[in-house]
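Working notes, structure below.
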Amino acid sequence: MPSVLTLIAAAPGGLADEALAAAREGLREINATPDAVDWLAPGQAFDLRFEGADPAVAERALRSRFAGSAFDLAAQPAQNRRKKLLVADMESTIITRELLNELAAMTGLGPRIIPITERSMRGEIDFAQSLRERVALLKGLSASLLDRVADLIEPTPGARALVQTMRAHGAYTALVSGGFDRFTRLAAELVGMDEDRANHLVIEGGTLAGRVTEPILDPAAKKSSLLEIADARGIGAGEAAAVGDGANDIPMLLAAGLGVAFRGKPAVAAAAKFRLDHADLTGLLYLQGYHANEFRE
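If you're matching positions, the sequence shown starts at 411 in our numbering and goes up one per residue.
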């Protein structure tokens with residue numbers, strides 16, 4: 411079965427013919443046979459088809475060859491690359507910020523809340539319990555602060571192109587977050603996603619009650635959401651792409667056919683089959699074989 415190696419630079423002009431030659435040579439060194447090249451974006455991303463080696467073996471060999479280079483790469487079967495579903499994390503993935511941290515910083519609670527967030531995202535503590543602890547510290551704050559935080563929402567470079575391009579080609583898109591639905595609705599609208607799921611902050615008398623509605627949307631619920639949405643669309647999890655950066659995304663990434671750690675924390679990058687450390691979110695489109703002239707905004 412033919413396979414494909416995808417190499418992606420962070421910006422146009424980052425890839426030259428020398429990188430293609432090195433990729434071909436690296437494949438030959440593991441007794442694979444490189445075939446046709448397809449430049450997905452001139453000077454930025456290409457697909458190189460090959461046969462005769464397992465994609466995982468090829469990827470390890472090429473990562474070693476390109477160690478220290480500012481390239482993202484992946485090897486996978488050439489068939490069925492374009493996915494029919496995208497499930498994405500919100501904070502530090504589809505949008506640039508961690509919004510609970512921003513709220514904490516506004517209120518002087520940053521030193522108490524931000525370290526808990528960081529430990530949770532690294533997978534050092536239980537996500538649901540860490541969320542309860544952080545939200546409890548917000549008790550009594552004015553709910554109007556949420557509007558100030560909402561004003562900070564901005565899409566990550568490539569986010570809208572990723573969502574709109576996949577939708578233009580028939581995919582369904584969902585934002586599934588361990589954050590708060592007050593923000594996921596806005597972020598989903600900003601990039602044009604079909605639906606959003608998140609936790610709900612309880613507000614009483616115009617102030618934050620210091621708790622979220624149970625059950626908490628935790629790592630297991632993220633995975634369940636992907637499987638549920640895929641089933642509702644009549645597709646398998648292998649036809650889904652998922653992207654996230656934190657440890658709470660790992661089950662979701664492992665369930666998807668194309669599970670991508672985006673600027674992932676070390677545990678996430680190690681667990682995910684695919685990762686993007688340099689390119690923006692359009693890297694997920696290149697991994698599916700899209701050409702830059704197919705991108706939509």
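Ideal placement from N, C-alpha and C gives every residue a C-beta, glycine not left out.
Here's the rule: buried if 16 or more other CB atoms are within 10 angstroms of the residue's CB, otherwise exposed. What is Glu614?
Indexing the sequence shown from 1 puts residue 614 at position 204. Residue burial is scored here from C-beta neighbours: Glu614 has fewer than 16 other C-beta atoms within 10 angstroms and is therefore classed as exposed.
What residues match up with Asp448 in a beta bridge as DSSP calls it?
Here residue 448 corresponds to residue number 38 of the sequence shown, with the count starting at 1. Answer is Asp457, bridged to Asp448.
Taking C-alpha atoms, which residue in Lys493, Ile505, Asn490, Phe456 lies nearest to Ala484?
Position 74 of the sequence shown, counting from 1, holds the residue named residue 484. Selection Lys493, Ile505, Asn490, Phe456 evaluated against Ala484 yields Phe456 as nearest (Cα-Cα).
Considering Gln486, what are the terminal residues of the beta strand (DSSP E) in which it resides?
Here the question's residue 486 lines up with position 76 in the sequence shown. Gln486 -> beta strand (DSSP E) spans 481-487.
Completely contained alpha helix (DSSP H) runs for the segment 626-702, where each covers 4 or more residues:
The alpha helix (DSSP H) runs lying completely inside the segment 626-702 and spanning 4 residues or more are 629-642, 660-665, 676-681, 693-697, given in chain order.
Could you name the residues that DSSP lists as bridge partners for Ile440?
In the sequence shown, counting from the first residue as 1, residue 440 sits at position 30. Under DSSP, Ile440 shares a beta bridge with no residue.
Return the residue from the list Glu707, Leu697, Asn703, Pro525 that minimises the CA-CA distance to Asn490.
Counting from 1 along the sequence shown, the entry for residue 490 is found at position 80. If you compare the alpha carbons of Glu707, Leu697, Asn703, Pro525 with that of Asn490, the shortest gap goes to Leu697.
Return the first residue and the last residue of the alpha helix (DSSP H) that Gly520 is part of.
Translated into positions along the sequence shown, residue 520 becomes position 110. According to the DSSP assignment, Gly520 belongs to the alpha helix (DSSP H) that extends over 520-531.
Take Pro487 as the anchor and find which of Asn703, Ala702, Phe684 has the nearest alpha-carbon.
Against the sequence shown, residue 487 aligns to sequence position 77. Nearest of Asn703, Ala702, Phe684 to Pro487, Cα basis: Phe684.
Using 10 angstroms around the beta-carbon of Val612, count the other beta-carbons present and answer buried if the total reaches 16, otherwise exposed.
What you label residue 612 is simply residue 202 of the sequence shown in a count that begins at 1. With a threshold of 16 other beta carbon atoms within 10 Å, Val612 falls short and is exposed.
Bridge partner(s) assigned by DSSP for Leu622:
Here residue 622 refers to the residue found at position 212 when the sequence shown is read from its first residue. It is Val, not Leu, that sits at residue 622 in the sequence shown. Answer by DSSP bridge pairing, in chain order: Leu611.
Give me the Cβ distance between Arg658 and Gly588, rounded to the nearest whole Å; I'm assuming they're in contact under 8 Å.
Your numbering for residue 658 matches position 248 in the sequence shown. Your numbering for residue 588 matches position 178 in the sequence shown. A small correction: the amino acid at residue 658 is Asn; Arg does not occupy that position in the sequence shown. Contact between Asn658 and Gly588 holds: their C-beta atoms lie close to 5 Å from each other, under 8 Å.
Supposed close pair Val678, Ala671 - CB separation, criterion 8 Å:
Against the sequence shown, residue 678 aligns to sequence position 268. Against the sequence shown, residue 671 aligns to sequence position 261. Contact annotation, Val678 with Ala671: C-beta distance approximately 4 Å; criterion of less than 8 Å satisfied.
Could you give the DSSP three-state label for Phe593: helix, strand or coil?
Within the sequence shown, the letter at position 183 stands for residue 593. Three-state DSSP puts Phe593 in a helix.
Between the beta-carbon of Leu585 and the beta-carbon of Ala597, is there less than 9 Å?
Looking up residue 585 in the sequence shown gives position 175. Looking up residue 597 in the sequence shown gives position 187. Cβ atoms of Leu585 and Ala597: closer than 9 Å.
Alpha carbon of Ala631 to alpha carbon of Glu624, nearest angstrom:
Indexing the sequence shown from 1 puts residue 631 at position 221. Indexing the sequence shown from 1 puts residue 624 at position 214. Annotation: Ala631 to Glu624 spans about 12 Å, alpha carbon to alpha carbon.
Near Gly462, which residues of its chain fall below 8 Å by C-beta distance, leaving aside the five closest residues on each side in sequence?
Taking the first residue of the sequence shown as 1, we reach residue 462 at position 52. Excluding sequence neighbours, Gly462 sits near Asn441, Ala442, Thr443.
Mark Met500 as exposed unless 16 or more other C-beta atoms lie within 10 angstroms of its C-beta, in which case mark it buried.
In the sequence shown, the residue the question calls residue 500 occupies position 90. The residue in question, Met500, is buried, as its Cβ has 16 or more Cβ neighbours within 10 Å.
Contacting residues, own chain, Cβ-Cβ under 6 Å from Lys633 (five flanking each side not counted):
For the purposes of this step, residue 633 is identified with residue 223 of the sequence shown, where counting begins at 1. Counting only Cβ-Cβ distances below 6 Å, and skipping sequence neighbours, we find Pro661, Met662, Ala665.
Pairs of beta-carbons, one from the segment 464-480 and one from the segment 552-564, closer than 8 Å: are there three or more?
Too few Cβ pairs lie closer than 8 Å, so no.
Kindly identify the DSSP beta-bridge partner or partners of Thr617.
Position 207 of the sequence shown, counted from the first residue, corresponds to residue 617. Its beta-bridge partners are Ser552, Glu614.
Whole-angstrom Cβ separation of Tyr668 and Tyr582, contact assumed at under 8 Å?
Sequence index remark: in the sequence shown, residue 668 carries index 258 (1-based). Sequence index remark: in the sequence shown, residue 582 carries index 172 (1-based). The question names Tyr, yet the displayed sequence has Leu at residue 668. Not really, about 14 Å apart at Cβ, beyond 8 Å.
Beta-carbon gap between Thr506 and Glu564 smaller than 9 Å
As a working mapping, residue 506 is identified with position 96 in the sequence shown. As a working mapping, residue 564 is identified with position 154 in the sequence shown. Yes, the Cβ-Cβ distance between Thr506 and Glu564 is below 9 Å.
If you count every other CB in all the chains shown that lies within 10 Å of the CB of Pro629, and 16 or more means buried, which is it?
Taking the sequence shown and counting its residues from 1, one reaches residue 629 at position 219. So Pro629 ends up on the buried side.
Can you tell me where the alpha helix (DSSP H) with Ala419 in it begins and where it stops?
Reading the sequence shown from its first residue, position 9 is the one you call residue 419. From DSSP, Ala419 is part of no alpha helix (DSSP H) but of the beta strand (DSSP E) over 413-419.
Cut-off 6 Å between Cβ atoms - residues of its own chain near His701, not counting five sequence neighbours on either side
Here the question's residue 701 lines up with position 291 in the sequence shown. Correct list, in chain order: Leu450.
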